[in-house]
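Notes follow the structure.
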Amino acid sequence: GENVEQHPSTLSVQEGDSAVIKCTYSDSASNYFPWYKQELGKRPQLIIDIRSNVGEKKDQRIAVTLNKTAKHFSLHITETQPEDSAVYFCAATSNDYKLSFGAGTTVTVRA
Amino acid sequence: DTGVSQNPRHKITKRGQNVTFRCDPISEHNRLYWYRQTLGQGPEFLTYFQNEAQLEKSRLLSDRFSAERPKGSFSTLEIQRTEQGDSAMYLCASSWGTGVGNTIYFGEGSWLTVV
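Quick mapping for you: the protein sequence lines, in order, are chains Z and H. My numbering puts the first residue of the first sequence at 273, with every later residue one more than the last. My numbering puts the first residue of the second sequence at 3, with every later residue one more than the last.
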């Protein structure tokens with residue numbers, strides 16, 4: 273099955289700086305890569321996703337890049353704000369129902 | 003809030019007892035999923051339904067676990083003879099349609115502690 277690895281496990285950044293989270297996947301058939309943000313005690317919420325026919329996608333301060341050859345994808349958050357502090361999960365899937373998640377990255381934005 | 007609703011949000015039970023969690027998906031979503039999440043880990047897929055049909059179960063779902071979705075609406079996840087290793091957050095999610103890339107919306111989870 274699919275195996276997704278996520279790095280780093282924790283990330284502390286100064287407010288206004290950028291944050292980058294990287295994930296690798298094992299199944300070359302994976303074709304959909306969502307990112308979820310989970311605040312303490314809250315539900316995971318989709319923040320951005322990318323499909324395998326696209327190399328990069330951007331939504332305001334958030335961007336995701338995908339390298340299918342290397343089987344890795346990354347989340348970039350620019351101009352970080354305190355409300356960006358949360359746990360971020362990457363995921364991958366080759367079908368339309370089973371997401372395989374990374375272990376998560378705890379992002380702390382220092383004021 | 004018209005999102006995915008789960009209850010109870012928290013459950014403490016003694017080992018060996020049975021517990022049942024309920025999930026109400028977003029209205030008209032035809033797919034419903036159950037995931038399990040332990041501290042410091044990402045959610046792990048347990049099972050999913052398309053309408054009332056349970057189409058796949060993970061090997062994580064032992065014989066003590068059973069999920070149903072009668073009439074293709076709400077779903078229940080029952081754990082029989084609970085063990086301490088069952089302690090986790092059980093997340094329900096739903097989506098509309100088929101095909102890769104349909105957004106999966108999660109509920110806020112049901113925390114289970116087995117003592």
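Glycine residues also receive a C-beta, built at the ideal position from the N, C-alpha and C atoms. As the structure is a computational prediction, the values presented were derived from the model and not from experiment.
Return yes when the Cβ of residue j is within less than 7 Å of the Cβ of residue i, no when it is not.
i: Z:K329; j: Z:I319; result: no
i: Z:V359; j: Z:G376; result: yes
i: Z:E277; j: Z:D299; result: no
i: Z:V292; j: Z:V381; result: no
i: H:A95; j: H:I106; result: yes
i: Z:A363; j: Z:H348; result: no
i: H:G74; j: H:E58; result: no
Taking the C-alpha atoms as reference points, what is the distance between residue i and residue j?
i: Z:V379; j: H:F23; result: 31 Å
i: H:E30; j: H:S77; result: 13 Å
i: Z:C295; j: Z:H279; result: 6 Å
i: Z:Y297; j: H:L34; result: 25 Å
i: H:S7; j: Z:A383; result: 34 Å
i: H:G44; j: Z:E351; result: 26 Å
i: Z:N367; j: H:N9; result: 29 Å
i: H:G109; j: H:Q56; result: 19 Å
Please list the partners that residue i has in chain H, where partner means a Cβ-to-Cβ separation under 8 Å.
i: Z:P316; result: P45, L93, F108
i: Z:G376; result: G42, Q43, G44
i: Z:T296; result: Under the 8 Å cutoff, chain H gives no residues; its nearest Cβ is about 14 Å from Z:T296.
If the cut is a Cβ gap below 7 Å, which residues of chain H does residue i touch?
i: Z:L371; result: F47, I106
i: Z:N275; result: Those within 7 Å of Z:N275 in chain H number zero; the least Cβ separation is about 12 Å.
Please report the Cβ distance between residue i and residue j, rounded to the nearest whole angstrom; I am assuming they are in contact, meaning their Cβ atoms lie under 8 Å.
i: H:L93; j: H:V21; result: With 8 Å as the limit, H:L93 and H:V21 do not qualify as a contact, their Cβ atoms being about 15 Å apart.
i: H:D69; j: H:T49; result: The sequence given here places Ala at residue 69 of chain H; Asp does not occur at that position. About 5 Å separates the two Cβ atoms, so the contact holds.
i: H:K16; j: H:V117; result: 6 Å
Run through chain Z and tell me which residues come within less than 7 Å of residue i, C-beta to C-beta.
i: H:R24; result: In chain order: nothing, as chain Z lies at least about 16 Å away.
i: H:G87; result: The premise fails here: H:G87 is roughly 18 Å from chain Z at the closest Cβ pair, so nothing lies under 7 Å.
Evaluate residue i with the Cβ neighbour count: other Cβ atoms within 10 Å of its Cβ, from every protein chain shown; 16 or more gives buried, anything less gives exposed.
i: H:D65; result: exposed
i: H:R83; result: exposed
i: Z:T365; result: buried
i: H:V39; result: Checking the displayed sequence, the identity of residue 39 of chain H turns out to be Gln instead of Val. H:Q39 is buried by the Cβ-count criterion.
i: Z:K314; result: exposed
Under 8 Å Cβ-Cβ, which residues of chain Z neighbour residue i?
i: H:V117; result: Here the premise fails: no neighbours, minimum Cβ distance about 21 Å.
i: H:G103; result: Y304, D321, R323, D368
i: H:G111; result: R315
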